[in-house]
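Just below is one structure, and these are the notes that go with it.
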Amino acid sequence: MSCSHGKSECVCDTVREIVRAQDAVEDNCCDSSCEQSINDLLSPTGGNGTATTVPFTLLCKGTCEYFIGKAIAEKPLGGSGGTFLDCLESPIFRAKNFVDEDECCVRLELLLPVTEGSSEPGSKKDICDFFPGSSVRDLEATGVCFTVDLNCFCGIQCLPATTPLAPTVSSEKDS
Numbered sequence: 001m002s003c004s005h006g007k008s009e010c011v012c013d014t015v016r017e018i019v020r021a022q023d024a025v026e027d028n029c030c031d032s033s034c035e036q037s038i039n040d041l042l043s044p045t046g047g048n049g050t051a052t053t054v055p056f057t058l059l060c061k062g063t064c065e066y067f068i069g070k071a072i073a074e075k076p077l078g079g080s081g082g083t084f085l086d087c088l089e090s091p092i093f094r095a096k097n098f099v100d101e102d103e104c105c106v107r108l109e110l111l112l113p114v115t116e117g118s119s120e121p122g123s124k125k126d127i128c129d130f131f132p133g134s135s136v137r138d139l140e141a142t143g144v145c146f147t148v149d150l151n152c153f154c155g156i157q158c159l160p161a162t163t164p165l166a167p168t169v170s171s172e173k174d175s
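Numbering (the UniProt record's numbering), first residue to last: 1 to 175.
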């Protein structure tokens with residue numbers, strides 16, 4: 001378990017040993033995890049019973065920063081019948097499908113946090129800025145999708161299984 005003595009995974013080995021020790025003395029489950037969210041989604045009695053989505057965030061390799069997805073969406077322009085292009089950003093995603101089952105490229109949909117007053121959070125420089133105080137109550141589907149290579153990420157955090165609110169963007173787009 002010593003570092004730099006023929007092993008390049010010193011931290012991994014140490015954490016593995018910590019987990020084994022914790023498991024030996026106590027049930028070491030998380031209240032919020034991808035495993036729990038997937039179980040809730042698949043269980044007719046788990047979660048809210050009608051969840052359709054396991055939302056998640058991704059951590060970028062190298063920077064350890066949360067990935068904030070940004071995409072352009074076409075939105076209606078008032079009652080004029082016209083449209084405009086708007087920039088959407090969010091650190092929360094729903095996996096739609098793998099582009100190729102043998103590869104790690106997946107199509108993700110942006111999910112927007114929605115506050116109690118049904119508005120989007122303001123300034124968004126950090127992941128926590130998307131969750132001001134205790135005001136975020138729902139996630140909204142956007143219909144706006146883009147493709148990413150999952151090999152570019154080193155971490156994932158799943159949020160509780162849920163059913164996102166219907167999109168207010170015109171139609172599903174690929175960016």
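For glycine and all other residues, C-beta sits at the position ideal for the given N, C-alpha and C. Note that the coordinates shown come from a computational prediction; the quantities given were computed from them, not determined experimentally.
key: Alpha carbon of Gln-157 to alpha carbon of Ser-80, nearest angstrom   = Going by the C-alpha atoms only, they are around 41 Å apart.
Distance, Asn-151 Cα to Lys-61 Cα = Whole-angstrom Cα-Cα distance: 9 Å.
message = Tell me the rounded alpha-carbon separation between Val-54 and Asp-40.
response = For Val-54 and Asp-40, the distance between alpha carbons rounds to 9 Å.
Where Thr-108 falls, given that 16 or more other Cβ within 10 Å makes a residue buried = Inspection of the sequence shows that residue 108 is occupied by Leu rather than by Thr. By the 10 Å Cβ count, Leu-108 comes out buried.
message = On the criterion of 16 or more Cβ atoms from any shown chain inside 10 Å, does Ile-68 qualify as buried, or is it exposed?
response = Ile-68 should be labelled buried.
ask   = Taking C-alpha atoms, which residue in Glu-116, Leu-111, Thr-142 lies nearest to Ser-135?
value = Put simply, of Glu-116, Leu-111, Thr-142 the residue whose alpha carbon is nearest the alpha carbon of Ser-135 is Glu-116.
message = Does Thr-14 pass the burial test, meaning 16 or more other C-beta atoms within 10 Å, or should it be called exposed?
response = Thr-14 comes out exposed.
query = What separation, rounded to the nearest whole angstrom, lies between the Cα atoms of Leu-42 and Leu-159?
reply = Using only the alpha carbons, I get a separation of about 15 Å.
ask   = Per DSSP, what kind of secondary structure is Cys-3 in: helix, strand or coil?
value = Only weak support exists for where Cys-3 lies, its pLDDT of 47 falling under 50; the value from the coordinates is given anyway. Reduced to three states, the DSSP call for Cys-3 is coil.
message = Give me, in chain order, the residues of the same chain whose beta-carbon lies closer than 8 Å to that of Thr-163; leave out the 5 immediate sequence neighbours on both sides.
response = Within its own chain, the residues whose Cβ lies closer than 8 Å to the Cβ of Thr-163, once the five positions on either side in sequence are excluded, are Asn-48, Thr-50, Ala-51, Thr-52, Thr-53, listed in chain order.
ask   = CA-CA distance, Tyr-66 and Cys-12?
value = The alpha-carbon atoms of Tyr-66 and Cys-12 are separated by roughly 21 Å.
Extent of the continuous alpha helix (DSSP H) to which Leu-88 belongs = Looking at the DSSP string, Leu-88 is not in any alpha helix (DSSP H); the run it does join, the beta strand (DSSP E), is 82-90.
ask   = Excluding sequence positions up to five away, which residues of its chain have a Cβ less than 7 Å from the Cβ of Leu-77?
value = Excluding sequence positions up to five before and after Leu-77, its CB lies within less than 7 Å of the CB of Thr-83, Phe-84, all in the same chain and listed in chain order.
message = Taking the straight line between their C-alpha atoms, what separation do you get for Leu-59 and Asp-27?
response = Going from the Cα of Leu-59 to the Cα of Asp-27 covers about 27 Å.
task = Look up Gly-155 in the DSSP assignment and give the residues it is bridged to.
result = For Gly-155, which the question treats as bridged, DSSP gives the partners Leu-59.
key: Alpha-carbon to alpha-carbon, Cys-128 and Glu-35   = Straight through space, the alpha carbons of Cys-128 and Glu-35 are spaced by roughly 23 Å.
inquiry  = Buried or exposed for Pro-44, going by 16 or more other Cβ atoms inside 10 Å?
reply    = So Pro-44 counts as exposed.
Residue environment, Ser-2, which counts as buried when at least 16 other CB atoms sit within 10 Å = Model confidence at Ser-2 stands at a pLDDT of 43, short of 50, so the residue's coordinates are unreliable and nothing is read from them.
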